[in-house]
Every structure is written in structure tokens, then in C-alpha cells.
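Scroll down for the structure; my scribbles are underneath it.
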Amino acid sequence: MTDSEIESRLAELGLVLPVAAAPVAAYIPVVVAGGLAHVSGQLPFLDGKLVTGRLGEDVSVEQGNAAAQACGLMILAQLKAALGSLSRVERVVKLGGFVNAAGDFTDQPKVINGASELMVAVFGDAGKHARSAVGVPCLPLGAAVEVDAIVAVKSA
């Protein structure tokens, strides 16, 4: 799949790949080792603003799902910046989803589906992946959601 095909799929969804965000601490966004790209946890930015809050308190499942999709878009942006082209993505292997959630909130999978469904919409069967979706009491900068990824990559 070429970058233009990926961009066309995103456009069909009404989405645009953002500029890859700079790290906010002592790490790098992507490490490629042994044919896998390990993407650091990405936070959700919608319209240039960080989506903050807690699911089950002041953020709805729908808002959380959109935030997770925004994390997925940033994962794609980080991969494109690190790999030079999203055409090098062979398969999305695993997503790790973290949801800033109230203690009794149990819909983490519905929230992280925002990122999961994006990967399938963009890469088709190669976007189907293993996943975790866990609730946590807080996330960096008060973010509502954070998603990381492991992606198999083709040689340059």
C-alpha cells in the first residue's frame, strides 16, 4: 500500500495525518529493532488541543473513542516520520490502550476501538492486531487516553 492510498483512505474517513508530535520527556517516539517499530504512547490531540478528563466522570465513551482515534492518527504520523513512508508498514502487531477512568468504568474496549478501527480502516487485514485496553487512575498531562503500538515493518 502506498502513502497516497493511505492518505486517500484517511480522506474518505474525513481525517488528515497530523504533524508528528515531539516527545514531552526523555524518550524517542519510535524505535525500530528486529523488524518491529515500537511506537511510544501517543496522547490525543483534536483540533490542536489535548483531550483531557476521565472516562466515567467528565468524558463520554464517544469522546473517548474519538480521542483514541486521534492517538491512532498520531501513531501513524510518528511511523511516517520515523520510517519515511507508511508503505513500509507490513502489519500492525499490537496496540496498547490506556484509559484515564473512574474506578467503576468498564468500557475501556469501546474507547480503544477508536484506534483499533482506524488501523483496520487504513491497512485492511494488515491492520488487525492484538490489543490491551486497560483503565488507569491518571495519565500524563491529564490526557483521557494514551495508545502505544508495535508494528512489523518492511526493510527500506
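The sequence shown lines up with residues 130 to 285 when you count with our numbering. Ideal placement from N, C-alpha and C gives every residue a C-beta, glycine not left out.
- With respect to the 9 Å criterion, P173 and A272 are classified as neighbours on the basis of their beta carbons.
- Excluding sequence positions up to five before and after S284, its CB lies less than 7 Å from no other CB in the same chain.
- Around the beta carbon of E186, fewer than 16 other beta carbons sit within 10 angstroms, so the residue counts as exposed.
- Taking C-beta separations shorter than 6 Å and ignoring five residues to either side along the sequence, the partners of A211 in its chain run V159, following chain order.
- Annotation: V249 to L144 spans about 14 Å, alpha carbon to alpha carbon.
- Note on C267: under 16 other CB atoms within 10 angstroms of its CB, so exposed under the neighbour-count rule.
- Taking C-alpha positions only, K257 is separated from V168 by approximately 17 Å.
- Within 10 angstroms of the beta-carbon of L215 lie 16 or more other beta-carbons, which makes it buried.
- For N242, the closest alpha carbon among the candidates V263, E219 and V280 is that of V263.
- Counting the other CB atoms within 10 Å of its CB gives I204 a total of 16 or more, which places it among the buried residues.
- In this structure, the alpha-carbon of V218 lies about 15 Å from that of R138.
- Apart from the 5 residues on each side of it in sequence, G182 sits with its Cβ closer than 6 Å to the Cβ of V188 and A273 in its chain, given in chain order.
- Counting other Cβ atoms within 10 Å of its Cβ, S133 stays below 16 and is therefore classed as exposed.
- Assignment of I279 by DSSP, reduced to helix, strand and coil, places it in the strand class.
- Counting of Cβ neighbours within 10 angstroms places K209 among the buried residues, the total reaching 16 or more.
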